[in-house]
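Asks: Take this structure, written in structure tokens, and hold onto it; I'll ask about it next.
2 protein chains.
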Amino acid sequence: MLQHSILETLPEPLRREALSGLQPLHFEHGSILFRAGDPCQGLPLVLNGTVKVQMTGLSGHSIVLYRMGADDICTLSIGCLMTGDGFRAEAVVEDDAEVFMVPRGLFDRLMDQSADFRLGIMESYGRRLNDLMLLVEEVAFRRMDERLFQWLEARVGQGVITITHQELAVELGTAREVVSRLLKEFERKGLLRIARGKIEFTGWFAS
Amino acid sequence: MLQHSILETLPEPLRREALSGLQPLHFEHGSILFRAGDPCQGLPLVLNGTVKVQMTGLSGHSIVLYRMGADDICTLSIGCLMTGDGFRAEAVVEDDAEVFMVPRGLFDRLMDQSADFRLGIMESYGRRLNDLMLLVEEVAFRRMDERLFQWLEARVGQGVITITHQELAVELGTAREVVSRLLKEFERKGLLRIARGKIEFTGWFAS
DNA sequence: CGGCCCTGTGTGACTTTATCACTGAACCTT
DNA sequence: AAGGTTCAGTGATAAAGTCACACAGGGCCG
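Dropping the structure here:
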């Protein structure tokens, strides 16, 4: 159960060796995997749970850059691991997560000895780069009401979601007031109901 | 003269082998290294010149994501090379450039056999990821007049620059009208003079 | 040379988004 | 029940994006 597909691709002796040196770390909801400025301790392999990565700009505003889920790799850490620079973003655990922390030495060894491991790392990097490019486009050109709508739409399944307007503003990289006003408008249209710290889907959403 | 530092780190037999299989490709100003949707032919190592990478969103608007110069690696290509997906962005040559195109097979071999090569690739990836994160923050939170000012400031040395308002809008991911109005304002303040397709620095800028 | 056309720029009117400064409501604590 | 803290609502104003169109510079061609 506690495994990560990128380790499963390793040839048997190497896989054993890697797993023997790693014990899963448990992170609870709300805990911080790393903060802006922290030095990198190793490459986190996310086994389960979800972790959001967000950054705070010079202006003091924050925006969520991407999320990691089961079987994900914290690609952002690789650069820090290599250059020794600190993180520019922070990683906040949303759903309780378990993580393998691969230290620099082991990472180098796996990169050296397994083509599949290298492939996994590269693919992960590629996906992250793509995600960020799409985010740039979204932030630069898409309208806020559409973006908010899509964000909500992706979470309709849950019926009710627990989030404050401020947190939602960070998700989209905008101001709380903007989110409040748009939500009010959605409520007027009968798409949802607003409560303190909660949004309940109705009407069109609750299909 | 025609060399790339990531190849110079290779141990001697490998370096000779790599170089013997690569001939520099010449790209002129305005030519396209790759377009959105193109399959990836190999990993471009930029020897000299400059190349801008920009993407066009669903909305039809474009934005410049980053630039590559001498000794740079087109990190974006690695993801495409690995997954076989097409590019999401396009690369336009600004100053005439020469490029080594490393084919998949050689790339795999270099990744397999040289720790320094791996390090170079990883560092490049890390930098690109950082750049994009900063771009997200900039687009999301910084004011347009500041961003335009900084863009111009970075090019003051040239005295006069040749660029249309439309191109400048793509640099910043905004609309031409916005650029035109801001430039007019800078002109009123005596910072620069506008001519058709040109901007001449004066006053504060021409210190 | 004058007329034509294409590209680049200027501008007004209007919408959307961001910012600022508050008010008030909901919940928690004691 | 009182007081404090966090969350949400709102008006006023500024910044940025959108739309529609006028006009200007420069090249080309009859």
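Residue numbers (the working numbering), protein chains in the order written: chain W, 66 to 272; chain A, 66 to 272. Even glycine gets a Cβ: it sits at the ideal position worked out from N, Cα and C. Given the structure is predicted, the values throughout are model-derived calculations rather than measurements.
List, in chain order, every chain W residue whose beta-carbon is nearer than 9 angstroms to that of A/SER85.
Replies: Under the 9 angstroms cutoff, chain W gives no residues; its nearest Cβ is about 23 angstroms from A/SER85.
Asks: Suppose only complete runs of 3+ residues qualify. What are the beta strand (DSSP E) ranges in the stretch 113-174 of chain A, listed by chain order?
Replies: The stretch 113-174 of chain A contains these whole beta strand (DSSP E) runs: 127-133, 155-167.
Asks: Using the C-alpha atoms, what's the distance from W/ARG169 back to W/PHE99?
Replies: Rounded to the nearest angstrom, the two C-alpha atoms are 16 angstroms apart.
Asks: Under 9 angstroms between beta-carbons, which chain A residues line up against W/ASP210? List them in chain order, please.
Replies: Near W/ASP210 there are no residues of chain A at all, since even the closest Cβ is about 14 angstroms away, more than 9 angstroms.
Asks: Do we get a CB-CB distance below 7 angstroms when we pair A/ALA205 with the residues of chain W?
Replies: Yes, its Cβ sits closer than 7 angstroms to a Cβ of chain W.
Asks: In chain A, what lies closer than 7 angstroms to W/ASN195 by C-beta?
Replies: Simply GLY144, ARG153.
Asks: DSSP puts A/ARG258 in a beta bridge; with which residues?
Replies: Note: A/ARG258 sits in a beta bridge opposite A/GLU265.
Asks: Would you list the one or two residues that DSSP bridges to W/ILE228?
Replies: According to DSSP, W/ILE228 bridges with nothing at all.
Asks: Mind checking the stretch 122-138 of chain A against chain W and listing, in chain order, the residues whose C-beta falls within less than 7 angstroms of any C-beta there?
Replies: Listed in sequence order: GLY122, SER124, HIS126, ILE128, LEU130.
Asks: Near A/THR183, what residues of its chain come up, given a Cβ to Cβ distance below 8 angstroms and the 5 sequence neighbours on each side ignored?
Replies: Strictly speaking, residue 183 of chain A in this sequence is Arg, with Thr absent from that position. So the qualifying residues of the chain are MET176.
Asks: Using a C-beta cutoff of 7 angstroms, does W/MET147 count as contacting chain A?
Replies: It does: the Cβ of W/MET147 has a partner Cβ on chain A nearer than 7 angstroms.
Asks: Just checking, does the stretch 195-206 of chain A make contact with the stretch 123-143 of chain W on the three C-beta pairs under 8 angstroms criterion?
Replies: Cβ pair count under 8 angstroms is three or more, so yes.
Asks: Any C-beta of chain W sitting closer than 7 angstroms to the C-beta of A/MET176?
Replies: Taking Cβ atoms only, chain W reaches closer than 7 angstroms to A/MET176, which makes this a yes.
Asks: Could you name the residues of the same chain whose beta carbon sits closer than 6 angstroms to that of W/ASP161, not counting the 5 residues immediately before and after it, in chain order?
Replies: For W/ASP161, where only same-chain residues beyond five positions count, the Cβ hits under 6 angstroms are GLU93, HIS94, GLY114.
Asks: Once DSSP output is grouped into helix, strand and coil, what is the label at W/PHE206?
Replies: It is helical.
Asks: Just the Cα atoms here: how many angstroms apart are W/GLN178 and W/PHE172?
Replies: Distance between the alpha carbons of W/GLN178 and W/PHE172 is about 10 angstroms.
Asks: Inspect the beta-carbon positions of W/GLY191 and A/GLY144 and report whether they are closer than 7 angstroms.
Replies: Result yes, Cβ atoms of W/GLY191 and A/GLY144 sit closer than 7 angstroms.
Asks: Using a cut-off of 8 angstroms between C-beta atoms, extract the partners of W/VAL116 located in chain A.
Replies: By Cβ distance, chain A contributes nothing, its closest Cβ being about 16 angstroms from W/VAL116, past 8 angstroms.
Asks: Closest by CA to A/ALA154, which one among A/LEU257, A/PHE206, A/GLY122, A/ALA271?
Replies: Answer by Cα proximity: A/GLY122.
Asks: Cβ closer than 7 angstroms: which chain A residues qualify as neighbours of W/ARG183?
Replies: Result: MET176.
Asks: In chain W, which residues lie less than 8 angstroms from A/ALA234 when you measure between Cβ atoms?
Replies: Result: empty, since nearest Cβ-Cβ is about 11 angstroms, beyond 8 angstroms.
Asks: Candidates W/ALA101, W/PRO109, W/LEU108, W/LEU84: which alpha carbon is nearest W/MET120's?
Replies: Ranking W/ALA101, W/PRO109, W/LEU108, W/LEU84 by Cα distance to W/MET120 puts W/ALA101 first.
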